[in-house]
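So the sequence shown is numbered by full-length UniProt numbering: it starts at 1 and just counts up by one.
Glycine included, C-beta positions come from ideal geometry on N, C-alpha and C.
As the structure is a computational prediction, the values presented were derived from the model and not from experiment.
Take a look at the structure set out below.
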Amino acid sequence: MHYKHIKAPATKRIALVAHDHMKPILADWCATHQEKLARHELWSTGTTGNIVKQGSGLTPQRFLSGPMGGDQQIGAYIAEQKLDMLIFFWDPLASMPHDPDVKALLRIAAVWNIPVACNPSSADLLIASPLLDESYSYRVPDYEAYETHRNE
Numbered sequence: 001m002h003y004k005h006i007k008a009p010a011t012k013r014i015a016l017v018a019h020d021h022m023k024p025i026l027a028d029w030c031a032t033h034q035e036k037l038a039r040h041e042l043w044s045t046g047t048t049g050n051i052v053k054q055g056s057g058l059t060p061q062r063f064l065s066g067p068m069g070g071d072q073q074i075g076a077y078i079a080e081q082k083l084d085m086l087i088f089f090w091d092p093l094a095s096m097p098h099d100p101d102v103k104a105l106l107r108i109a110a111v112w113n114i115p116v117a118c119n120p121s122s123a124d125l126l127i128a129s130p131l132l133d134e135s136y137s138y139r140v141p142d143y144e145a146y147e148t149h150r151n152e
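This is how it looks when you write it as structure tokens:
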């Protein structure tokens, strides 16, 4: 695979996702970091977005609920380089009927090299990073080069 460098914008496009038992924890985390998060563009799955709004006053743009395709919509936005960070508080102790969607979302975030936080501690480190409010260069797959090479 060939790679290229692109610039993350200073105003990040952040996806917020949480499993059912983690939604109140994410809402509390968002309330704690409301001032910093308000400077960025927020996206979420449907139910999570409602709970974040009620718990923090932030109003993320909402996709469908996760089990109804919201996880996949977020994954598509990541692949299209329309999201810059994923905050996904997942519950490792609960079985999820849409577990393949969750794994696909985490995989696509890794493929496109965006920062991911899966719990409040890692989210705290991301939100405290000086890169949060700055543009920075990072490496992503060069899909055009991949297509060209594949068709040779």
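If you check the CB distance, leucine 26 and threonine 48 come in under 8 Å. Counting only residues of its own chain and dropping the five nearest sequence neighbours on each side, isoleucine 87 has a CB closer than 6 Å to the CB of Leu16, Ala117 and Ala123. For lysine 4, the enclosing beta strand (DSSP E) begins and ends at 3-8. Excluding its 5 nearest sequence neighbours in each direction, aspartate 91 has C-beta neighbours in its own chain below 8 Å: His19, Asp20, His21 and Met22, listed in chain order.
Taking a 10 Å sphere around the C-beta of leucine 93, we find fewer than 16 other C-beta atoms and assign the residue as exposed. Looking at the DSSP output, alanine 94 sits in no beta bridge, so it has no partner there.
By DSSP's assignment, methionine 85 forms a beta bridge with Ile14. In this structure leucine 58 touches leucine 37 by the C-beta definition: roughly 6 Å separates them, less than 8 Å. Three or more Cβ pairs closer than 8 Å define a contact, and the segment 127-138 falls short of that threshold against the segment 100-109.
Counting only the Cα atoms, isoleucine 78 lies some 15 Å from arginine 62.
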